[in-house]
Amino acid sequence: MIYFLIYLLIYPYLFMMKKLKFKGEKGKILLIQTAKIGDYANSTVIFEKLGKFDVLIDEINLAFAKHDRRIEKIFTINGVKRKKASKLGLALELFSRGYESVYVLMPNSLNLFLARCTLAKNIVAVHHYAASSDFALLALGMKKAPHTLQDLTLLTYLKTLGESELKYEKCLQKPLVIPRENLVKSDKFKIGVSLSAGNKMKTPPKKTWEKIFEIFAKFDCEVYIFGVGEEAALLQNLLAENADEKRAKNLSERGICADLAGNGASEIYGDLENANGKQTSYAQNHTEASYAASNFIAQNTAYKKLILNTKRAAENDDKNTNNAPTIRAQNTDNKTTYDNANGKQAKAQICSKKGTSDGSNLSSQICDTYVKKFGENELKIISLIGKIKLEELPFYLSQMQLYASSDTGNYYVADSVRTPTICLMGPCFASEQRGVADSLVINSHLPPVSSVFKTVRDIDASAFFELSEQNLADIEAFVKVRYISYLSREDNFLC
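The working numbering puts the sequence shown at residues 1 to 495.
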């Protein structure tokens, strides 16, 4: 209510100034989206439609916005949240820009107040299920885009522009920020992982990750851990107990790399029609991943050649395989594993990259590499925790052949660069927000409790991340299809 009263007090001044002085440029646009990384990444679905525009965002997204040629001017909300004078100052600054259209994707009271103060001719706000009691007054006279738990946020954002179908793609940066040198140079199948989430409730427990890593260990791949802060402690916890950890003993064996500062259903989302509601409901219990794997194997002649190669490799056992990256399938207790043709885990990756000398705060650091046994197989894990500059995150996620996490910002960034993803949805509503490029969504057997506009925090959500045998089978099938596809595309020996 206080924001509406302040607006009434300053409205005469704003109205008079608009008539006398401020004649805004025709078509000038402001986008207000002050949520964190994941929601910002999903908001980019409307960027192409908007053309050139200004943004009001959370400062964490500066890393993306300042490298986006579609954005003309950037305002941040963080510094004004607790100071009434600062809020009024920002309101007047936005008013002085003379916007014709304003789109409010995060419609809290402050954002609605700021939108009203622009006196723009066309103001559109998302009207969601958890709107505050002030919404009716602050959004009076604004156009509204209704949003429910069954509406995909991407479509709701597009509705603010009058679009009813998902015919635009997310694009977090334009152009994509590319580091001076790509530090991930391995030609192995690379899987990125975020062990935690900003909202601790969304962090899967250790036992869940152990089951997933056991699946990853069946393939000849490398796992890259992304994150900051507490992610390092989670990684150490994952490695500590019963870990067959092999750390390099001295600098000659270690890599130096530059410091890059609810029914339990599994569903694959990838066709854009799926987001438009033309495909099966997200809650339907099925095994699309397993079906996709079977269908791929049945139709792909490259896979048949792969089987032939694996048989030959098994016969040759530990002979020299330097001339071709042959893959061998091993059957151990009725479980198939995929590793190097010589059946041995490669040594820790050596990458010698000198730190940049461009005045940045990046310094050369050790690239921590581990080898741990999960089940019957070893898995190479490379830690990039705290070593990647945020503006370079989309690029490095694009270098992965697969990305796995819970419902985190990194998940949606990976989806925006069309990297195949596995999402442990946990307590969140997949009906409302999920990846749409090529994503396997693992829904909990428990009904979801946390949504985009009504986030739940500070509860123990471990039970939401329990994986059924079917979930594990779907994950393995999803990885297998993309693993075989990667090999058949990259390796000539399959042709």
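The beta-carbon is built from N, C-alpha and C at its ideal position, and this holds for glycine as well.
Three-state secondary structure assigned by DSSP to residue i
{"i": "T148", "result": "coil"}
{"i": "L487", "result": "helix"}
{"i": "G386", "result": "coil"}
{"i": "K454", "result": "coil"}
{"i": "A414", "result": "helix"}
{"i": "A120", "result": "coil"}
{"i": "A125", "result": "strand"}
{"i": "E466", "result": "coil"}
{"i": "E376", "result": "coil"}
{"i": "A314", "result": "Because A314 sits at a pLDDT of 42, beneath the cut-off of 50, its placement in the model cannot be relied upon, and the following sentence gives the value as read from the coordinates. Correct three-state label for A314: helix."}
{"i": "S96", "result": "helix"}
{"i": "E222", "result": "strand"}
{"i": "I381", "result": "strand"}
{"i": "Q330", "result": "Here the model assigns Q330 a pLDDT of 41, short of 50, so the residue's position is not dependable, and the following value carries that caveat. Strand at Q330."}
{"i": "V481", "result": "helix"}
{"i": "Y303", "result": "Reliability of the predicted coordinates at Y303 is poor, the pLDDT of 45 falling under 50, and the value obtained from them is presented with this limitation in mind. Correct three-state label for Y303: helix."}
Nearest-angstrom Cβ-Cβ length linking residue i and residue j, presumed shorter than 8 Å
{"i": "V104", "j": "I74", "result": "No, V104 and I74 are not in contact; Cβ-Cβ is about 17 Å, not under 8 Å."}
{"i": "E214", "j": "F465", "result": "Between F465 and E214 the Cβ distance is about 15 Å, and since that is not below 8 Å, they are no contact."}
{"i": "N443", "j": "A217", "result": "About 25 Å separates the two Cβ atoms, so there is no contact after all."}
{"i": "A120", "j": "E100", "result": "6 Å"}
{"i": "M201", "j": "S450", "result": "7 Å"}
{"i": "K372", "j": "L379", "result": "6 Å"}
{"i": "T34", "j": "L172", "result": "Rounded, the Cβ-Cβ distance is 17 Å, inconsistent with contact."}
{"i": "A63", "j": "I57", "result": "Actually they do not touch by this definition, with Cβ atoms about 11 Å apart."}
{"i": "K190", "j": "E230", "result": "Not quite, the Cβ-Cβ distance comes to about 23 Å (not below 8 Å), so this is no contact."}
{"i": "G409", "j": "P204", "result": "Between P204 and G409 the Cβ distance is about 15 Å, and since that is not below 8 Å, they are no contact."}
{"i": "C428", "j": "D407", "result": "4 Å"}
{"i": "I382", "j": "Y224", "result": "5 Å"}
Residue interval of the alpha helix (DSSP H) (run including residue i)
{"i": "C117", "result": "S109 to C117"}
{"i": "G426", "result": "Premise fails: G426 lies in the beta strand (DSSP E), T421 to G426, not in any alpha helix (DSSP H)."}
{"i": "K19", "result": "I2 to L20"}
{"i": "E231", "result": "E231 to A240"}
{"i": "P396", "result": "The amino acid occupying residue 396 in the given sequence is Tyr; Pro does not appear at that position. Per DSSP, Y396 belongs to the alpha helix (DSSP H) from L393 to S398."}
Host beta strand (DSSP E) of residue i (start-end)
{"i": "T76", "result": "I71 to T76"}
{"i": "Y403", "result": "L402 to S406"}
{"i": "S266", "result": "S266 to Y269"}
{"i": "V449", "result": "From DSSP, V449 is part of no beta strand (DSSP E); its letter is neither H nor E."}
{"i": "I442", "result": "S439 to N443"}
{"i": "S101", "result": "S101 to V104"}
Cβ-based neighbour list, residue i, same chain, cut-off 6 Å, excluding 5 preceding and 5 following
{"i": "M142", "result": "I123 and A125"}
{"i": "V184", "result": "Q399"}
{"i": "H127", "result": "K144 and P146"}
{"i": "S468", "result": "G264"}
{"i": "L499", "result": "Given a span of 1 to 495 for the chain in the structure shown, any question on residue 499 remains unanswerable."}
{"i": "L31", "result": "F53, V55 and Y103"}
{"i": "D339", "result": "Here D339 scores only 44 on pLDDT, less than 50, and its place in the model should not be relied on; the value that follows carries that caveat. Correct list, in chain order: D220."}
Own chain, CB closer than 8 Å to residue i, minus 5 neighbours either side, in chain order
{"i": "T455", "result": "N199"}
{"i": "T421", "result": "L402, Y403, A404, S405, Y411, A414, D415, G435, A437, D438, S439 and L440"}
{"i": "S132", "result": "N108 and S109"}
{"i": "R69", "result": "K174 and P175"}
{"i": "Y3", "result": "S109, L110, L112, F113, D134 and L138"}
7 Å Cβ shell around residue i - same chain, five flanking residues per side excluded
{"i": "Y7", "result": "F113, R116 and C117"}
{"i": "T148", "result": "Y129"}
{"i": "R312", "result": "Low per-residue confidence applies at R312: pLDDT is 48, beneath 50, and the placement is therefore not dependable, though the value from the model is reported in the following sentence. Nothing meets the Cβ criterion."}
{"i": "G79", "result": "S86"}
{"i": "K18", "result": "L119"}
{"i": "L161", "result": "I46 and K49"}
{"i": "S196", "result": "T203, G227, E230, E231 and L234"}
{"i": "Y396", "result": "V184 and I388"}
In chain order, each beta strand (DSSP E) run of at least 3 residues that lies wholly inside the segment 137 to 219: 143 to 146 and 189 to 193
Complete beta strand (DSSP E) runs within the segment 25 to 86 (minimum length 3 residues, chain order): 29 to 33, 53 to 57 and 71 to 76
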